[in-house]
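Using this note's numbering, the first residue of the sequence shown is number -1, and each one after it goes up by one.
Glycine included, C-beta positions come from ideal geometry on N, C-alpha and C.
Here is the structure we will look at, set down as structure tokens.
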Amino acid sequence: MSDPSPTTHRFNIGNIRLRIEAAAMKTAGIVVLAYLVLCSNAIAAEYAVDGLAVGTQLNFGSASYREYKCNPSDQFDGFIWCQKARTDKERRGSYIAAHSLLHSQDGSISYINRSQEPAFFNAKEAELNIQQYSRKIGESPRIMKMPHRSGLPDGVIAVWGKIALEPLDQESIKILADGKSPKKGLLIDYLRNFTRSAQEGLPIYRIDGGPGFIWAASFDQKGRGTLRLAAVQVSGFSPPPDPAPVVQTAAVPHQEQLPPPAPVFVQTAAPTHQEQLPSELNRTIEKLQADLVISTNKIAELERAKSDAERTVEKAEQAKLDAENAKQEVEYARIAEKITSDALIAELRAHKLAAGAKTSRWEIALYGSVGGVFVVLTSSAIGFLINRRRASVSKRPVEKPETKPIEALVQYQNSRASTLSPGIAISEAAFKSDLEDVVATINAAQVEAVFRRDRSLPQRLV
């Protein structure tokens, strides 16, 4: 065989270099991708309660840590169990908040819990609270609802992260029903009362799996219940093993010496296609379930809003009908009042006319009487004057013939004037006095008639 030409040799070397560079770039991409996955997992593992996140280091000299009462854990060897409680108050009432945490000897936090009783919210507020934590954590929760029981509040448990809730065995539930601890690690229920949950036959779970966050609450029709928040890093400690897996644990003692997070990082860094597919499907199913729950709650809320709107419309129509009825009643009352007032006015007018006619008759009679008296007085005065004249003429002596006619006429006039003046003066004074009495009588009669008419009008109005 002939040796390859220099050109062919250089071409082969170039291909090898390209292949090496491509392989190096592919390896670097895988490393970067794995690094990003690890970083994202590390960020997602930051689950916290009241600002304390699992995996963080405690400051033993801080004032907040000195508020806790700490003792060695009786379930987890090498760990410290701390607790504190305080009473607080909000707009809807007072409550008791209890805090507990589990940390290692060096201060690394593995478990943080906050419980509140009573908690003040209803089903809608609970849903909104879960949505707020979902936005804060950046994940969709797995939601479980307590079976509805008559006489018991409703309960909801929402889980984020890699936490797995395993149903507690019946033997442990019996121990809890007696008010004792089965020492099965960290437990959770819907009512935040393990003894009552065990006695009522409600689910009780043991917290297992990887890091995560738990939101558990119960609430009644009055908007009162309980609330529990827990951030857990289960891989940071080892719960007491069950009797069954003791042999398996003893058979592979070298696995206990491995750091707990190692399997998690290996599975995350290099997952196979078969492992990724179920995980993707599970996440999709969980997301769809969460969306379904949210949609169902929204539909129920819309139905309640529709019912409220219908009731509001019915109330508005009833109020409108009542207003129309009241308006008609007011109109009827106004018409009746107008009829009554018109009848009263007509009656007053009739009485006024009758009183006027009666007064006119009295005035005519009085004026007639005055006229008659005036005629009588005038006639009497004239008769009196005539009689006086005759008397004076009969007593006068016979005039002397030598008296002149003019002088006799003057003397006659003088004597007549001197004789008639006192009588005429007396008659005029008497006539004036009688006339004043008649006028006073007429005025008194008119005043009395007016007074009687005015006094009778209020009685008729009543």
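Residue 94 and residue 146 have their C-alpha atoms spaced approximately 26 Å apart. DSSP, read as helix, strand or coil, puts residue 86 in strand.
Around the beta carbon of residue 165, fewer than 16 other beta carbons sit within 10 angstroms, so the residue counts as exposed. Contact annotation: residue 186 and residue 156 have beta-carbon atoms that are not nearer than 9 Å. Under the criterion of beta carbons closer than 8 Å, residue 212 and residue 128 do not qualify as touching, at roughly 11 Å. With a cut-off of 8 Å on Cβ pairs, the stretch 314 to 326 is not in contact with the stretch 130 to 145, counting fewer than three such pairs. Pairing residue 153 with residue 331, the inter-Cα distance amounts to about 59 Å.
Non-local beta-carbon contacts of residue 117 in its own chain, meaning distances under 6 Å to residues more than five positions away in sequence, involve 223, 224, 225 in chain order. Three or more beta-carbon pairs separated by less than 8 Å are not found between the stretch 79 to 89 and the stretch 183 to 197, which leaves the two stretches without contact.
Here the alpha carbon of residue 101 sits roughly 12 Å from the alpha carbon of residue 233.
Between the stretch 108 to 124 and the stretch 57 to 70, the count of Cβ pairs shorter than 8 Å is below three; the stretches do not touch. Between residue 336 and residue 342, the alpha-carbon positions lie close to 10 Å from each other.
DSSP places residue 109 inside the beta strand (DSSP E), whose first and last residues are 107 to 118. When only Cα atoms are considered, residue 181 and residue 301 end up about 46 Å apart. Note on residue 230: 16 or more other CB atoms within 10 angstroms of its CB, so buried under the neighbour-count rule. According to DSSP, residue pairing for residue 171 in a beta bridge does not occur. Taken atom to atom, the span from the alpha-carbon of residue 306 to that of residue 120 is near 18 Å. The DSSP assignment places complete alpha helix (DSSP H) segments of no fewer than 4 residues inside the stretch 138 to 211 at 168 to 175, 192 to 198, in order along the chain. The beta-bridge partner set that DSSP reports for residue 97 consists of 82, 112.
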